[in-house]
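Report on one structure; see the data block that follows.
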Amino acid sequence: GQNIDQPTEMTATEGAIVQINCTYQTSGFNGLFWYQQHAGEAPTFLSYNVLDGLEEKGRFSSFLSRSKGYSYLLLKELQMKDSASYLCAVRGPYSGSARQLTFGSGTQLTVLP
Amino acid sequence: DSGVTQTPKHLITATGQRVTLRCSPRSGDLSVYWYQQSLDQGLQFLIQYYNGEERAKGNILERFSAQQFPDLHSELNLSSLELGDSALYFCASSVTGGLNTEAFFGQGTRLTVV
């Protein structure tokens, strides 16, 4: 099975940088995803890591260390619209042609003016 | 727009009733996932189908069932509904093959059991 841990809440100021951590224990690993979810809306894909290292995508970057079972999402130049829940998700072992995606409980980020 | 369509958007029903939620995946996606999201919980994986066959089961109650049809749309059936079943139900789809294939989510069905 898989166990994913993220902080429940974080607060940051507009224009600042925030790092949201995610740790996981899994019986099989085939990638880690970060999703953003505004209240009552569908999660939207932000980033994907399968190899160790940093993936950068505009104001968002995601880092993975497979040996440590650790990832973080870095958000730069925070904007008010970044206030949302950030979900860490781990893709499990290969099973046929499908892989299960297991989500953490999410980190609710509040950006203050 | 993710390309994943869920109907209905909102559903209000009474305890003990049965409802069916529908999901049309993105064109070409063979995998469909169902998730439940309650107010105080994260996304809970319920069940996954691939090309019509059940592939993985998560925390799905026996009162719940799902299927994927030949045209790849999927339905989630919830029966003997309880107040605690009130939640957002999301469907997601993904392509098979490749490593960096993210799941695309529909807008969800908000179920309220009264």
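Protein chains in written order, with my numbering: chain X, 443 to 555; chain C, 1428 to 1541. Think of the CB as a built atom: it goes at the ideal place given N, C-alpha and C, for glycine as much as any other residue.
Cut-off 7 Å between Cβ atoms - residues of its own chain near X:Y562, not counting five sequence neighbours on either side: There is simply no residue 562 of chain X to check, as chain X begins at 443 and stops at 555 in what is shown.
So the beta strand (DSSP E) X:V492 belongs to, where does it begin and stop? Counting from one through the first sequence, the residue named residue 492 of chain X turns up at place 50. Note, X:V492: premise wrong, no beta strand (DSSP E); not H, not E.
Between C:Y1516 and chain X, is any beta-carbon pair separated by less than 8 Å? Stepping through the second sequence from its first residue, residue 1516 of chain C is reached at position 89. No, C:Y1516 lies away from the interface with chain X (no Cβ there is under 8 Å from its Cβ).
Are the C-beta of X:T552 and some C-beta of chain C separated by less than 8 Å? Translated into positions along the first sequence, residue 552 of chain X becomes position 110. No, because no Cβ of chain C sits closer than 8 Å to the Cβ of X:T552.
Spell out a yes or no on whether the region 1464-1481 of chain C and the region 1434-1451 of chain C are touching, meaning 3 or more CB-CB pairs, one atom from each, closer than 8 Å. They do not touch, by the three-pair rule.
Chain C beta carbons: is any one of them nearer than 8 Å to that of X:T450? Here residue 450 of chain X refers to the residue found at position 8 of the first sequence. No, X:T450 does not count as interfacial toward chain C.
Chain C partners of X:S547, CB-CB under 8 Å? As a first step, residue 547 of chain X must be located in the first sequence, where it is residue number 105. Within chain C, the residues near X:S547 are Q1468 and G1469.
X:R533 bridges to which residues according to DSSP? Taking the first residue of the first sequence as 1, we reach residue 533 of chain X at position 91. According to DSSP, X:R533 bridges with X:L543.
X:T544 versus chain C: which residues are under 7 Å apart at the beta carbon? Translated into the one-based positions of the first sequence, residue 544 of chain X becomes position 102. Neighbours of X:T544 on chain C, chain order: F1472.
How is the beta strand (DSSP E) around X:N463 delimited, first residue to last? The sequence position of residue 463 of chain X within the first sequence is 21, counting from 1. Segment V460 to T468, the beta strand (DSSP E) holding X:N463.
Interface partners of C:S1429 on chain X, CB under 8 Å: What you label residue 1429 of chain C is simply residue 2 of the second sequence in a count that begins at 1. In chain order: A484 and T486.
Using a Cβ-Cβ cutoff of 9 Å, what residues of the region 1491-1507 of chain C are near chain X? List them in chain order. Considering only beta carbons, no part of the region 1491-1507 of chain C lies closer than 9 Å to chain X.
Please list the terminal residues of the continuous beta strand (DSSP E) segment that includes C:H1437. What you label residue 1437 of chain C is simply residue 10 of the second sequence in a count that begins at 1. Counting along the chain, the beta strand (DSSP E) containing C:H1437 begins and ends at H1437 to T1440.
Please list, in chain order, the chain C residues whose beta carbon lies closer than 7 Å to that of X:F475. Within the first sequence, residue 475 of chain X is the residue found at index 33, counting from 1. Going along chain C in sequence order, the residues near X:F475 (Cβ under 7 Å) are E1529.
Counting only beta-carbon atoms, is C:G1533 nearer than 8 Å to chain X? The residue given as residue 1533 of chain C occupies position 106 in the second sequence. With 8 Å as the cut-off, C:G1533 counts as an interface residue toward chain X.
Determine whether the Cβ of X:L529 lies closer than 8 Å to any Cβ atom of chain C. On the first sequence, position 87 is the one that residue 529 of chain X refers to. So yes, X:L529 belongs to the interface.
Taking the Cβ atom as the reference point for each residue, do C:L1448 and C:L1515 lie within a distance shorter than 8 Å? As a first step, residue 1448 of chain C is located in the second sequence; it is residue number 21 there, counting from the start. As a first step, residue 1515 of chain C is located in the second sequence; it is residue number 88 there, counting from the start. Taking 8 Å as the cut-off, the beta carbon of C:L1448 is found no closer than this to the beta carbon of C:L1515.
Let me know the secondary structure DSSP gives C:F1531 once reduced to three states. Position 104 of the second sequence holds residue 1531 of chain C. Of the three classes helix, strand and coil, the one that applies to C:F1531 here is strand, per DSSP.
Can you check DSSP and say which residues form a bridge with C:A1483? Along the second sequence, read from residue 1 onward, the residue named residue 1483 of chain C stands at position 56. Looking at the DSSP output, C:A1483 bridges to C:Q1475.
So what's X:K523 in DSSP terms, helix, strand or just coil? As a working mapping, residue 523 of chain X is identified with position 81 in the first sequence. Helix at X:K523.
Would you report the Cα separation of X:K518 and X:A531, rounded to the nearest angstrom? As a working note, residue 518 of chain X is residue 76 in the first sequence. As a working note, residue 531 of chain X is residue 89 in the first sequence. Cα to Cα, X:K518 sits roughly 21 Å from X:A531.
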